[in-house]
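Read the structure below first, then the notes.
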Amino acid sequence: DEDGAGGVAEGIHDELVRAGVRSRLDDRVETAFGRRSTDWELKGVPIRLEIGPRDVADGQAVLVRRDTGEKTPVPLTEIATTVPRLLEQIQADLLAEATTMRDERTTDVDSVEGVLEAAATGFARGPW
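Its first residue numbered 57, the sequence shown is counted upward by one per residue in the working numbering.
Take a look at the structure:
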């Protein structure tokens, strides 16, 4: 616990859980911050909250989106409402991106040869 940051982080974790967000508090003080960040990124966690002593003094935390890498300061009092909205936005953004990619890579075909050709670089849609 650095200057109360651990206690604040625990409180935010509890608020997020009450708001229905699956949340984990990484309080491994023996592990470097960069290692902890990388661990959660590799696990695919969509949002990481960074809360340090300066953040606590400023009354805010930093939200980091995994999909864009964007870092946004958020007031501590707004985290429990901001995180669920942001999770929905991330889901919508990822769905839109995947749908666009699927549509761009789908080719209409009318023969087996066409299927083989289209499947080499994307998807094939046939009438049968």
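All C-beta atoms, glycine included, are put in the ideal place defined by N, C-alpha and C.
Counting only unbroken stretches of 3 or more residues, the beta strand (DSSP E) elements lying wholly within the stretch 126 to 167 are 127 to 131 and 162 to 164, in sequence order. About 6 Å separates the CB atoms of Leu119 and Ile103; that is less than 8 Å, so the two are in contact.
Contact annotation: Arg80 and Arg92 have beta-carbon atoms that are not nearer than 8 Å. By the Cβ rule, the stretch 176 to 184 counts as touching the stretch 156 to 165, because three or more pairs are nearer than 8 Å. Out of Asp123, Ala88, Asp159 and Val130, the CA that lies nearest to the CA of Asp149 is found in Asp123. If the five residues before and after Pro131 are omitted, its C-beta is found closer than 8 Å to the C-beta atoms of Gly115 and Gln116, all from its own chain and listed in chain order. Under the DSSP assignment, Val64 falls in the alpha helix (DSSP H) whose first and last residues are Ala61 to Arg74.
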